[in-house]
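Asker:
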Amino acid sequence: METRTTSVLLVDDDPANLATLEAVLEPLGQRLVMADSGREALRCVLEDDFAVILLDVRLGDMSGLEVMEMLRERERNRSTPILLMTAADIAVPELLEGYAHGAVDYLSKPLIPQVLRAKVATFVELQLAREQVRRQQEAQRVLERRQWEAEQSGRLHALLLQAPVAVAITRGPDFILEFANAFYEKVMGRPVELGQPLLTLFPELETQPGLLESLRRVLETGEPFFGNEFPVTLNRGEGGAPEEAYFDFIYQAARDPTGLITGVISISVEVTGHVRARRRSERLAEELHSRTEALRESEERLRLAVESTALGTWDLNPLTQVLSWDARCKALVGVPPETQPDLELFYDKVHPEDRERMLAAMRRAMDPVGGGLYDVEYRHAEQRGDTEWWMRATGRVHFAQGRAVRFTGTVQDISERKRAERERGRLLDEARQRAEQLRGLTEASLAINAVEGIMPALSLIAERARVLGGAQRCSVSLTDGHEGVESITALSLADPSLARRGDESWSEETGLASRVRGSNQPLRLTQEELRAHSPLAPPRGWLAVPLVGRDGANLGLLQLSDKARGDFTAEDEAIVMQLAQMASVAVEKIRLYELARTQRRNLFAALMQMPEPLAVLRGPDFRFEMANLTFSRSVGGRPLEGRPIREAMPELEGQGLLETLERVYHQGEAVLRKEVALRWRRSPETFLREGIFNLALQPLRDGEGRVEGIIAVAFAVTEQVLSRREIEALAEQLSLSEQRLITLAVDLEDRVRERTAQLQAVNQELESFSYSVSHDLRAPLRHIIGFAQLLERRAGPMLDEVSRGHLKTITTAARDGGTLIDDLLEFSRMGRAELRQSRVDLGALVREVLRGLEPDMKGRSLEWRIGELPAVKADPVLVRQVLRNLLANALKYTRPRAHALIEVGAREEQGEVEVWVRDNGVGFDMRYADKLFGVFQRLHTVEQFEGTGIGLANVRRIISRHGGRTWAEGAVDQGATFHFTLPRAAS
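For the sequence shown, this note's numbering assigns the number 4 to the initial residue and increments by one for each residue that follows.
Given below as structure tokens:
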């Protein structure tokens, strides 16, 4: 299959951007030409044509708009689509200038690969479609030329076959017979087999060197040879006996298209009768008999030739109206072989609509003035299957004394030829229709991009889509608001009577429209397919195409219905899809333009309503172009617009403002002056008012970057400056008080330092105590456990059950003592560990702790209710210890329950987060709630629930170090709830 390619020009002065564009567009399989400057891009378009140009707005040597303007000056590039690329928000004037120079769209960086590839693919397909149409037209012209040549060759072939002279064509030095008409076989006296050498067919010619020598001379020299009454002996007599005949003939060289001689054309007219009559008049009777026999044999050979060419022959006597058909003719007409034909039977076999035309042809043939030729094509009265049965009849009328005495001819089945002609016509119609659609698409693109206003654009889109799609009805709808609801905004009808059928709401009711909007893919249905969706009378076909924006969002829907002829085809869908893509670009462009116009209007209104004075000054003499209401009120409404500032407000001379305006205008840099004292007059007052202002002066530039004016804004800060000065005076008074506070702070720091030293000493004593506990208490306990185990191994078998129980109790008590010491040391370290606070996600931390407790959950019926837990500011390691202690306690104290329920929740109030853990376990008596968080304080025995009484004490110490609170609520056999608070993390 032929791969169709075209060229795409990528223009960007950044090599990285060019590489990115190449990677995004490479899957399209097109030729990508890259230019890194505007001059390089102009050189490329001089050497090649491009389907689309991607042009960066900012280039190193010139702007993209300058490059586009120079491209449009060349006739060949005026219609080349150009996509402008920009890396920043582009100003509205520059945007409009780009569209004015013929840009089809703007693309903002970073580019969306799918959107970029889809847009470039659209223009590539359009270019390839144009090239394909051009190639199809060229191929069509070649085809028509070949068909014309074939028809001419066929006519020539038919003429040669029917010529009343003997015609033969031989090829090569062996004179291979390539063509021989019926008359040639007649004069040669036998049927010939094409493709055989002449001497093989007619060996008697080998003894007649004069004839062969003439053929060779023509083949070698190319000079024609003329023979007059040339004697030739042919074995065409009875039984193949030699017979002398006489001919007038011409041998003409046959040449190929390059002029090379390839064979010989011989045209012969037998003049044997004339010669014999002239030479042997006495043998007239014998010659007449011989000619009669030759004619009979010739007619037989002609009959055989006709049968071999699938032609039927007929013979009509106009005087007696007797009609005869041969067997082939009867088979072609469709009657049994034994049928006796007559004119009535013949007329019945002709299609009623063609009967009069056939009779008129017969009347013209039998008119002596008309020449007697008969040639007519007509349809058979019957059909073969679902196709028409076409016949062609040709013949000649023989006249005697001005009267038709015999009418003979042939008949042929031409149904296949007619079908081929219809197919050729259909293909030509499709090619012309495709070319017309592409031409219409191009015209529509230009028209849509030239129209202003959303409603005129939609009306034009609907009209062009209806014409291109061959529909009777077309509607265009745009997405209304944020709900995705379609409302018809433009409708085009081929016939106003179609408006009585109603609107396109049936497509919304059946869900077909929302299906197209949701998938952003076209949908094409026939009338039969539509009946499955709507019980009402559906239109004659329906084609819906989405309007898709640059960001891939659905903009609306284009619906065509009631196809004028047949059903909507894939070609219709492709054309309407291309139009929809152009329409989407146009709709977005118009919306952007209207948005810019609205924003400009709103900006002007906002500037006019600004509470600060604002003025726009134009030109080197600073003429007022605009002054907002605040500015006008501040000068008493005196006339300003159109007047230079020195003329409108002469009191500003000598205050430094006018000099600052001059600097901004000539240097082109913005200036911000703070706390500028100004004096001005307010009409009709005669005195000067005074005020203090912060002045913002911003240069205004034209499209080429030249300064053409200044925007001036004055912010009144008189009250602020006066207040600040009062505050500065108060600050001096406070400075003295601050010195006194510093003296008091120094004394306080000394006291804090002394207290810190005392606390450090206490901590050192605690550390010494911890070490002592760890070292002095652990060693005896290890000895107890070790010696108990030795005693069990050595004397265990000799001890009774009670003694072994006492020994086990000793070991267990020693281990519990070690655990208690470990918990006590952990409790001590908790109070001294450094806090490393950060943002902690309580929800994630709870899930992590629960994963560690999974071994304790096995085999139990548990229900966890974990609420929405916020983030807090805390040490994640210590808070994990708090959650593990509380959740492990909840698991432990719900163990007696058949179904345990444990809840974790939180709420925020007054800058802190309160977290609780609630269970339906054994609970506790609230009278002892204050003992829960003490060291070694337990409300249950070790036999009931294991533990050392340190866990909740650790919880309280950790929460206290974070500045939080801990408390508990509960009731015996009704569960318990433990609360703690932590600071809330900043959002």
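Glycine residues also receive a C-beta, built at the ideal position from the N, C-alpha and C atoms.
None of these values were measured; they are calculated from a predicted model.
(1) Are there 16 or more other CB atoms within 10 angstroms of the CB of V975, so buried, or fewer, so exposed?
(2) Going by other Cβ atoms of all chains shown within 10 Å of its Cβ, with 16 needed for buried, is N231 buried or exposed?
(3) Quick check on T812: buried or exposed, where buried means 16 or more other Cβ atoms within 10 Å of its Cβ?
(4) Which residues share a DSSP beta bridge with Q1011?
(5) Residues in the same chain with beta-carbon distance under 6 Å from V488, minus the five sequence neighbours each way, listed in chain order, please.
(6) Is R469 helix, strand or coil by DSSP?
(7) For L793, count the other beta carbons within 10 Å of its own beta carbon; 16 or more makes it buried, fewer makes it exposed. Which is it?
(8) Might you give, ordered along the chain, the residues of its own chain that have their beta carbon closer than 8 Å to the beta carbon of S495, omitting 5 neighbours on each side?
(9) Just tell me which of R964, L481, W683, A474 has its CA closest to the CA of E591.
(10) Helix, strand or coil: how does DSSP classify L463 here?
(11) Assuming N557 is part of the beta strand (DSSP E), what are its boundary residues?
(12) Could you tell me the alpha carbon to alpha carbon distance between V267 and G243, rounded to whole angstroms?
(13) In three-state terms, what does DSSP make of D753?
(14) What span of residues does the alpha helix (DSSP H) with T203 cover, start to end?
(15) Suppose you measure from the CA of M801 to the CA of P783; what does that come to, to the nearest Å?
(16) Under 8 Å by Cβ, that's how I've got L58 and L35 pegged, so tell me the actual separation to the nearest angstrom.
(17) Of the residues E906, H809, K421, V925, which one's Cα is nearest the Cα of L853?
(18) Taking the CB atoms as reference points, tell me whether A717 and P616 lie closer together than 8 Å.
(19) For the candidate residues D575, G521, R553, G559, whose alpha-carbon lies nearest to that of G544?
(20) Which same chain residues end up closer than 6 Å to F228 when comparing Cβ atoms and leaving out the 5 residues on each side of it in sequence?
(21) If I'm right that I179 touches P200 with Cβ under 8 Å, what's the distance once you round it to whole angstroms?
(22) Which residues in the same chain as E597 place their Cβ atom closer than 6 Å to its Cβ, once the five residues preceding and following it in sequence are excluded?
(23) Please report the distance separating the alpha-carbon of Q386 from that of S327.
(24) Looking at the secondary structure, which residues open and close the beta strand (DSSP E) in which F402 lies?
(25) Does the distance from the CB of V379 to the CB of M361 come in under 8 Å?
(26) Tell me which same chain residues have a C-beta within less than 6 Å of the C-beta of I648, skipping the five on either side of it?
(27) For K876, which of helix, strand or coil comes out of DSSP?
(28) Quick test of your reading: L848 and P879, contact by CB under 8 Å. State the CB separation rounded to the nearest angstrom.
(29) Taking DSSP as the reference, what is the three-state secondary structure of L632?
(30) Taking the alpha helix (DSSP H) that K592 falls in, what are its first and last residues?
(31) Near E486, which residues of its chain fall below 8 Å by C-beta distance, leaving aside the five closest residues on each side in sequence?
(32) How about N631 and M652: are their beta carbons less than 8 Å apart?
(33) Using beta-carbon positions only, say whether T980 and E972 come within less than 8 Å of one another.
(34) For A450, I'd like the list of residues in its chain whose CB is within less than 8 Å of its CB, leaving aside the five on either flank, ordered along the chain.
(35) Can you tell me which of the three DSSP states N320 falls into?
(36) Does the distance from the CB of L552 to the CB of L546 come in under 8 Å?
Answerer: Considering the structure as presented:
(1) Here residue 975 refers to the residue found at position 972 of the sequence shown. V975 should be labelled exposed.
(2) Stepping through the sequence shown from its first residue, residue 231 is reached at position 228. N231 comes out exposed.
(3) Here residue 812 corresponds to residue number 809 of the sequence shown, with the count starting at 1. By the C-beta density criterion, T812 is exposed, having fewer than 16 other C-beta atoms within 10 angstroms.
(4) No statement about residue 1011 is possible, as the shown extent of the chain runs from 4 to 990 and does not include it.
(5) Along the sequence shown, read from residue 1 onward, the residue named residue 488 stands at position 485. Unreliable positioning characterises V488 in this predicted model, as indicated by a pLDDT of 47, which lies under 50. The coordinate reading is nonetheless provided below. Nothing listed; no residue qualifies.
(6) Against the sequence shown, residue 469 aligns to sequence position 466. In this structure, R469 counts as helix in the three-state DSSP scheme.
(7) Counting from 1 along the sequence shown, the entry for residue 793 is found at position 790. By the neighbour-count rule (16 or more Cβ atoms within 10 Å), L793 is not buried but exposed.
(8) Taking the sequence shown and counting its residues from 1, one reaches residue 495 at position 492. Cβ within range, chain order: S462, A465, E466, A468, R469, R476, C477, S478.
(9) Along the sequence shown, one-based indexing puts residue 591 at 588. It is L481.
(10) As a first step, residue 463 is located in the sequence shown; it is residue number 460 there, counting from the start. Three-state result, L463: helix.
(11) Against the sequence shown, residue 557 aligns to sequence position 554. Taken as a continuous stretch (DSSP letters only), the beta strand (DSSP E) holding N557 covers 557-566.
(12) Counting from 1 along the sequence shown, the entry for residue 267 is found at position 264. Counting from 1 along the sequence shown, the entry for residue 243 is found at position 240. Rounded to the nearest angstrom, the two C-alpha atoms are 26 Å apart.
(13) Reading the sequence shown from its first residue, position 750 is the one you call residue 753. If DSSP states are grouped into helix, strand and coil, D753 belongs with the helices.
(14) By 1-based counting over the sequence shown, the position of residue 203 is 200. Note, T203: alpha helix (DSSP H), 201-204.
(15) Working through the sequence shown from its first residue, we reach residue 801 at position 798. Working through the sequence shown from its first residue, we reach residue 783 at position 780. Going by the C-alpha atoms only, they are around 26 Å apart.
(16) Counting from one through the sequence shown, the residue named residue 58 turns up at place 55. Counting from one through the sequence shown, the residue named residue 35 turns up at place 32. Wrong, their Cβ atoms sit about 14 Å apart, outside the cutoff.
(17) Position 850 of the sequence shown holds residue 853. Measuring from the Cα of L853, the nearest candidate turns out to be E906.
(18) Your numbering for residue 717 matches position 714 in the sequence shown. Your numbering for residue 616 matches position 613 in the sequence shown. In contact: A717 and P616 (Cβ atoms closer than 8 Å).
(19) Taking the sequence shown and counting its residues from 1, one reaches residue 544 at position 541. Taking only the C-alpha atoms, the option nearest G544 is D575.
(20) Here the question's residue 228 lines up with position 225 in the sequence shown. These residues qualify, in order along the chain: S217, V221, Y254.
(21) The count along the sequence shown starts at 1 and reaches residue 179 at position 176. The count along the sequence shown starts at 1 and reaches residue 200 at position 197. Yes, I179 and P200 are in contact; Cβ-Cβ is about 6 Å, under 8 Å.
(22) Against the sequence shown, residue 597 aligns to sequence position 594. No residues qualify anywhere along the chain.
(23) The count along the sequence shown starts at 1 and reaches residue 386 at position 383. The count along the sequence shown starts at 1 and reaches residue 327 at position 324. Rounded to whole angstroms, Q386 to S327 spans 24 Å at the Cα level.
(24) Sequence index remark: in the sequence shown, residue 402 carries index 399 (1-based). First-last of the beta strand (DSSP E) with F402: 390-403.
(25) Looking up residue 379 in the sequence shown gives position 376. Looking up residue 361 in the sequence shown gives position 358. Taking 8 Å as the Cβ cut-off, V379 and M361 qualify as a contacting pair.
(26) By 1-based counting over the sequence shown, the position of residue 648 is 645. In its chain, beyond the 5 residues on either side, F625 have a beta carbon closer than 6 Å to the beta carbon of I648.
(27) The count along the sequence shown starts at 1 and reaches residue 876 at position 873. Strand at K876.
(28) Within the sequence shown, the letter at position 845 stands for residue 848. Within the sequence shown, the letter at position 876 stands for residue 879. The pair is a contact, with the Cβ atoms about 7 Å apart (cut-off 8 Å).
(29) Indexing the sequence shown from 1 puts residue 632 at position 629. Of the three classes helix, strand and coil, the one that applies to L632 here is helix, per DSSP.
(30) Here the question's residue 592 lines up with position 589 in the sequence shown. 573-612 is the span of the alpha helix (DSSP H), which, as asked, contains K592.
(31) Here residue 486 corresponds to residue number 483 of the sequence shown, with the count starting at 1. Residue placement at E486 is poorly supported in this model, since its pLDDT is 46, which falls under 50; the coordinates are not used for a value here.
(32) As a working note, residue 631 is residue 628 in the sequence shown. As a working note, residue 652 is residue 649 in the sequence shown. The Cβ atoms of N631 and M652 do not sit closer than 8 Å to each other.
(33) In the sequence shown, counting from the first residue as 1, residue 980 sits at position 977. In the sequence shown, counting from the first residue as 1, residue 972 sits at position 969. For T980 and E972, yes; Cβs fall inside 8 Å.
(34) The count along the sequence shown starts at 1 and reaches residue 450 at position 447. Beyond the five residues adjoining it in sequence on each side, A450 comes within less than 8 Å, by CB distance, of L463, R467 in the same chain, given in chain order.
(35) Residue numbering aside, residue 320 sits at position 317 when the sequence shown is read from its first letter. It is a strand residue.
(36) The residue labelled residue 552 in the question sits at position 549 within the sequence shown. The residue labelled residue 546 in the question sits at position 543 within the sequence shown. The sequence as given places Gly at residue 552; Leu does not occur at that position. Not a contact, by the Cβ cut-off of 8 Å.
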